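Data first, discussion second: the structure below is written as structure tokens.
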Amino acid sequence: MKPDDDAPGGEIELISDEHGLAVIGDPAAVELFLASEGLESKELGLPRLSKALNASGALAQGGSEIAANAGRWVKLTEESAQKLKKFKLMKGSSPGTARTVLTQNGKSKGFLELVKTPGSIAGNPAVLAGVGGIMAQLAMQQAMDEITDYLETIDKKLDSVLRMQLNQVLAEMDAVDLAIQEAMTVREHVGRVSEVTWSKVQATSQSILKTQALAVRQLRDLATELDKKQKVGELVDATQETEADVRKWLAVLARCVQLHDAVAVLELDRALDSAPDELDRHRMGLKAAREQRLALLASATGDVLDRMNAVVGIANAKVLRHPSASPTLALTGNRVATGVIEFHETVGIEAGVQPAEGKRWALAVAEVRDKALDAGGDGVDAAKRLGNETYDRARTTGKKVSTQVSERASRWRKN
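Going letter by letter, the sequence shown gives residues 1 to 415 in UniProt numbering.
Below is the structure:
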């Protein structure tokens, strides 16, 4: 099916990276495309890109074409990615991007055909690099908003003592945030990040890294201390104390990730202003550095997650002897593990270990009895004696808690 020649401005260009999709073209065509696909979007910021490239001399021609086009950014979610599969984006000339060009079909008012010739906008290497940089900025700003929501949720769970402790740790980070926000305000008014503006925030990364290193050490120490305890009674007390501390240090790490992203947004603008021909390499370098930071955080928080699953394993192994304490230990361990996984999801660390399932007391008794049947009559008598001795005291204290553990584990399996 050929495009209708009488349909003006029907061509749009799609540029995708691992986090989002840029839709560029005639304003009416871009709006129609997004509406027809049911995609939510944000302003891409093409006028700012055009101004920066023209000022640097990187855009020899086509500046007016950029200004005449609209640009929108769509966050890639599971739902939006599924909708965009049909457009078969091809690998782009800019590292880590894919692109295609669609033309509007005049009869159906839908974007159905791929255009084989390069688009007039994203076909320009300087423009494509600039769009890639802006897309990275928008993705980081989206991630920063999500971390803000996460921190607000964490704050509601902290008591006054823990909140005071957290405020003491984050006071320096608040100072960093003020410097970044000042630079962001100047950027919005001027349209660029000048050398003067960048000099005010360039050194803030050192403070962020220092606070991040402290939080990583604290989490690893917590995991190490738990590893020294094997008795159920000791673990119950230690795990309950650890729960609040883990929540506090996860909030600190989330704040560090957020501020690192804010600095990176400004750094990309500075690179666009000072060395646009190196913008792509700079973007990829920032991406690699972010991945290294997240790998470090994944390692430290993974230690806590592994230890919590080990705690639940101990609780399961000793549920017969500790029918009340073991389910409590399993519940606490799972709450801590769940908090770590929520942190991973918020900052973009890929899913790994899941919380272990607390074992019902009745299930543990059944397992012992099954093994005893295999072993012979003596084992059956021993299992009966064990069951009779512990059943009465476990029935009241263990039944309710172990049911909660099972329900929680069931929800995790469904999710």
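The C-beta atom is built at its ideal place from N, Cα and C for all residues, glycine as well. Note that this is a predicted model, so its numbers are computed, not measured.
Q: State the Cα-Cα distance for the pair THR153 and PHE343, rounded to the nearest angstrom.
A: Position 153 of the sequence shown, counted from the start, is the residue given in the question as residue 153. Position 343 of the sequence shown, counted from the start, is the residue given in the question as residue 343. Each residue's alpha carbon lies about 11 Å from the other.
(Q) Determine whether the beta carbon atoms of VAL304 and ALA213 lie at a separation below 8 Å. (A) As a working note, residue 304 is residue 304 in the sequence shown. As a working note, residue 213 is residue 213 in the sequence shown. With respect to ALA213, VAL304 sits apart: the two C-beta atoms are not nearer than 8 Å.
Q.
I need the DSSP call for ASP14, collapsed to helix, strand or coil.
A. Working through the sequence shown from its first residue, we reach residue 14 at position 14. Looking at the sequence itself, residue 14 is Leu, so the reference to Asp does not match. LEU14: strand per DSSP, three-state reduction.
Q. Should the segment 287-306 be regarded as contacting the segment 160-174, the criterion being three or more beta carbon pairs within less than 8 Å?
A. As far as the Cβ criterion goes, the segment 287-306 does not touch the segment 160-174, which means the pair count is below three.
Q.
Would GLY333 and VAL311 be called neighbours here (beta carbons separated by less than 8 Å)?
A. As a working mapping, residue 333 is identified with position 333 in the sequence shown. As a working mapping, residue 311 is identified with position 311 in the sequence shown. Result yes, Cβ atoms of GLY333 and VAL311 sit closer than 8 Å.
Q. Can ALA215 and LEU253 be called in contact, C-beta distance under 8 Å?
A. Looking up residue 215 in the sequence shown gives position 215. Looking up residue 253 in the sequence shown gives position 253. Going by C-beta atoms, ALA215 is nearer than 8 Å to LEU253.
**Q.** Residues bridged to ALA349 (per DSSP)
**A.** Counting from one through the sequence shown, the residue named residue 349 turns up at place 349. Residue identity check: residue 349 is Ile in the sequence provided, not Ala. DSSP, once it has assigned bridges, lists no residue as partnering ILE349.
Q: Kindly indicate which three-state DSSP category LYS318 falls into: helix, strand or coil?
A: Locating residue 318 in the sequence shown gives position 318, counting from the first residue. In the three-state scheme derived from DSSP, where H, G and I count as helix and E and B as strand, LYS318 is classed as coil.
Q. So what does VAL74 bridge to, in DSSP terms?
A. For the purposes of this step, residue 74 is identified with residue 74 of the sequence shown, where counting begins at 1. Answer is LEU21.
(Q) If I follow the unbroken alpha helix (DSSP H) through ALA35, where does it start and stop? (A) Indexing the sequence shown from 1 puts residue 35 at position 35. ALA35 -> alpha helix (DSSP H) spans 27-37.
Q: Could you round the C-beta distance between VAL232 and ILE314 to whole angstroms and report it? I think they count as a contact, below 8 Å.
A: Translated into the one-based positions of the sequence shown, residue 232 becomes position 232. Translated into the one-based positions of the sequence shown, residue 314 becomes position 314. The Cβ separation is near 7 Å, so the contact holds.
Q.
Would LYS102 and ILE12 qualify as a contact pair, given that the criterion is a beta-carbon distance under 8 Å?
A. Reading the sequence shown from its first residue, position 102 is the one you call residue 102. Reading the sequence shown from its first residue, position 12 is the one you call residue 12. Note that residue 102 is Leu in the sequence shown here, rather than Lys. Less than 8 Å separates the beta-carbon of LEU102 from that of ILE12.
Q. Given 8 Å as the limit, is there contact between the segment 255-274 and the segment 283-295, that is, 3 or more CB pairs closer than that?
A. Proximity of the segment 255-274 to the segment 283-295 meets the contact definition, three or more beta-carbon pairs being nearer than 8 Å.
Q: Quick one: grab the DSSP three-state call for LEU294.
A: Here residue 294 refers to the residue found at position 294 of the sequence shown. LEU294 falls in the helix class under three-state DSSP.
Q) Where does VAL101 fall in DSSP's three states? A) Numbered from its first residue, the sequence shown carries residue 101 at position 101. Reduced to three states, the DSSP call for VAL101 is strand.
Q.
Please return the same chain residues whose Cβ sits closer than 7 Å to the Cβ of ALA289, not counting the five positions on each side in sequence.
A. For this step, residue 289 is matched to residue 289 along the sequence shown. Around ALA289: no qualifying Cβ.
Q: Using the Cα positions of ILE341 and LEU166, report the straight-line distance between them to the nearest angstrom.
A: Sequence index remark: in the sequence shown, residue 341 carries index 341 (1-based). Sequence index remark: in the sequence shown, residue 166 carries index 166 (1-based). Those two C-alpha atoms are separated by around 20 Å.
Q) What first and last residue would you give for the alpha helix (DSSP H) that runs through GLN218? A) Locating residue 218 in the sequence shown gives position 218, where the first residue counts as 1. Taken as a continuous stretch (DSSP letters only), the alpha helix (DSSP H) holding GLN218 covers 204-227.
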